[in-house]
Amino acid sequence: ERESVPPWRMFRLLALPMLALAAAPVPPTQYKAKVTMTMPYYDLVEPIDAWFDGDAGLGRLDYWMGADRYLYNSSGTAYQIVPTTQDGLHSEETCFISGESYDPITVFPDLTAFPDEADEGDCVLNGVECESWTLRSPTYDESTGFDGNYTYYVSKEDGTPLRFHFTGFNVILGSHYDEYIFDYLEIEEGAQDSALFLPPVAMNCTILETDDDDSGGPTLDRFQRRQGPIDGPLKSLASALGPREGRLGLMSRFKAFLQRFDKTYDAAEMKLRAALYSATEMYVAAMNRRQLSYWLAVNHMADWTKEEKKKLLGRLHTPKDTMVPATQTHEPSGRPSLPTNVDWRTKGAVTPVKDQGSCGSCWSYGATGTTEGQVFLKTGVLTPLSQQNLMDCSWPQGNNACDGGLDFRAYTWMMEHDGQLATEESYPYMNADGYCRFESSTPGDFSITGYANITGGVSDLNDALATVGPISVSIDATPDSFYFYAGGLYYNSQCKSGLDDLDHTVLAVGYVTVDKQIYSIVKNSWSSHWGDEGYVYISQQDNCCGVATQPTYVLLK
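Count the sequence shown with mature numbering (1 follows the signal peptide of the UniProt record, and there is no 0) and you get residues -22 to -1, 1 to 535, in order.
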């Protein structure tokens, strides 16, 4: 079945010499091109500007309109030019040296292995009549790198390259087996100015020293000193310099990943997990090239399927008219002004980051987190409380243990049992559904009398954070950028805030103000391997991710 280019991807075709379409076309060897690379699995479209001179062994790839630039020289030095920051807030262009030579990358495939005869049938891309050639390589061909099904499209009228679409090993950038679409938007053939393949004359280029010190907790001071992705631009440079490493490089990194997170698979599953890992690796690199206010990194979920990641999102979707009324609604304190920054971690009111595992029990972590904070403020003692107790025992209130629940239903269970909850020590976490074994002799020294909803948006949330303590909040955690968040100030216009969009419950432990913008400090339950040692700084602009949509906290006697 022939394809059509989405209407938003309009492109200008420049006149090129007529190609003889009786055989597979020969792509240009000297050119400037505008290209988009689409990865449908991650719904990612990455713009690329490419310059290539195969005769001279020179190449250049600019991602995201030049935000991240790679310069290749087969007989010289390779460079990356990328914005970096020294204060965590303001960026300037910085040039890094690879220390090695790299063959230039062309955005066009080598078609010598393709059949001479064009595919049969009509071919139209965005209203342009085309010809296509398809190579089917069901097993890996070591001599060509092809492994999968590849189709190359050109204009039927003048042979202009239009698209390279394949599901297979990425023979352009040397990455994992997946579906890719390279659309050629503009092409200008001919020799390119050699200065394009060198850093600006006045720019000082250095070999990057990786001296990032991440010791200590994720305090605001350390957060503001962070310079970017933990792996840094050097790893980004190495991973972006093309298919030279090929499959050996991928498997080497994947094996290191397996060792780091103590994972083992049988031979049959290993191929799937390696492909998922490499897809994540490529997505992370592409997102970091955008130079956003936050950055991503490969973490323990890098080889998970979408279904496995969704299991972590355990907040049930509940129609508003079926919700149990709160004991009270938060009343703003009436303070004329709130502190610029609030962080309950520094006051001892927050327990260490935990890992909910593969169980959809996030709702229990929000419920216990706000309760732990209130107990601390009442007793002066920080006591970890039991998520498993709530999972096993709050079924009558409508919670479903590992299959999801709601924080306010957990509060209801506690209120119906003398306001009590077992400690984590007496009722440890199992990462599975269990039998309810709560006993009145196990709870801590406190009693919950009710809970409060915060209904006044981000202003009332901040008031509660400043005057009450840690708050249970629910968010939209579905964006891929959230799963692989590693640090920085998270704002994503695609992260939704409606009540029906909330699918994950976490704990807000304060807020920070950066350049007059306020960010909620949010504790997740995906282990300290995730995010900024288990935390994320979510922008309050537009109620990003819904942090202020349905916050709650408990009331103690």
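For each residue, glycine too, the CB sits at the ideal point set by N, CA and C.
Thinking residue i and residue j are a contact (beta carbons under 8 angstroms), I'd like their distance in whole angstroms, please.
i, j, result
"T456", "D481", "6 angstroms"
"A388", "S372", "5 angstroms"
"C183", "F74", "7 angstroms"
"V436", "A526", "4 angstroms"
"G509", "Y463", "5 angstroms"
"Q8", "G168", "6 angstroms"
"S115", "A96", "Between A96 and S115 the Cβ distance is about 18 angstroms, and since that is not below 8 angstroms, they are no contact."
"T433", "T348", "Not quite, the Cβ-Cβ distance comes to about 16 angstroms (not below 8 angstroms), so this is no contact."
"L103", "A2", "Contact doesn't hold; Cβ gap of about 18 angstroms is too wide."
Would the beta-carbon of residue i fall within 8 angstroms of that of residue j?
i, j, result
"P448", "W322", "yes"
"L22", "Y261", "yes"
"I496", "Q472", "no"
"N431", "A263", "no"
"T138", "G126", "no"
"residue 557", "F424", "Because the chain here runs from -22 to 535, residue 557 falls outside it and cannot be looked at."
"R267", "Y41", "yes"
"Y272", "Y461", "no"
"L39", "I59", "no"
"P529", "S450", "yes"
"Q334", "W504", "yes"
For residue i, which of helix, strand or coil comes out of DSSP?
i, result
"P457", "coil"
"P18", "helix"
"N431", "strand"
"D31", "strand"
"R47", "strand"
"K284", "helix"
"S450", "strand"
"C414", "coil"
"K501", "strand"
"P25", "strand"
"P61", "strand"
"P139", "strand"
"W42", "coil"
Hey, how far is the Cα of residue i from the Cα of residue j?
i, j, result
"T258", "D156", "11 angstroms"
"C337", "A275", "23 angstroms"
"C523", "F142", "36 angstroms"
"V484", "G383", "13 angstroms"
"V446", "L533", "10 angstroms"
"D411", "D385", "17 angstroms"
"D119", "K10", "29 angstroms"
"Y162", "S506", "42 angstroms"
"V149", "K289", "33 angstroms"
"Y19", "Y158", "9 angstroms"
"N440", "S498", "8 angstroms"
"E70", "V106", "42 angstroms"
"I208", "V353", "Interpretation of I208 is limited by its pLDDT of 33, a score under 50 that renders its predicted location unreliable; no figure is taken from the coordinates."
"A245", "S121", "24 angstroms"
"T129", "G376", "52 angstroms"
"V13", "L140", "10 angstroms"
"A173", "E166", "17 angstroms"
"D100", "F92", "19 angstroms"
"D381", "D370", "12 angstroms"
"Y243", "L360", "39 angstroms"
"E164", "T346", "56 angstroms"
For chain B, find out if any of its Cβ atoms is closer than 8 angstroms to the Cβ of residue i; answer yes or no.
i, result
"C473", "Among the protein chains of the structure shown there is no chain B, as only one such chain exists."
Do the stretch 398 to 406 and the stretch 484 to 491 make contact, defined as three or more Cβ pairs closer than 8 angstroms? no
Inter-stretch contact at 8 angstroms, needing at least 3 Cβ pairs: the stretch 313 to 328 / the stretch 392 to 400: Note that the stretch 313 to 328 does not touch the stretch 392 to 400; fewer than 3 beta-carbon pairs, one per stretch, sit closer than 8 angstroms.
The stretch 49 to 64 in contact with the stretch 74 to 91 per 3-pair CB rule at 8 angstroms: Using a Cβ-Cβ distance cut-off of 8 angstroms, the stretch 49 to 64 and the stretch 74 to 91 are in contact, since at least three pairs of beta carbons, one from each stretch, lie closer than that value.
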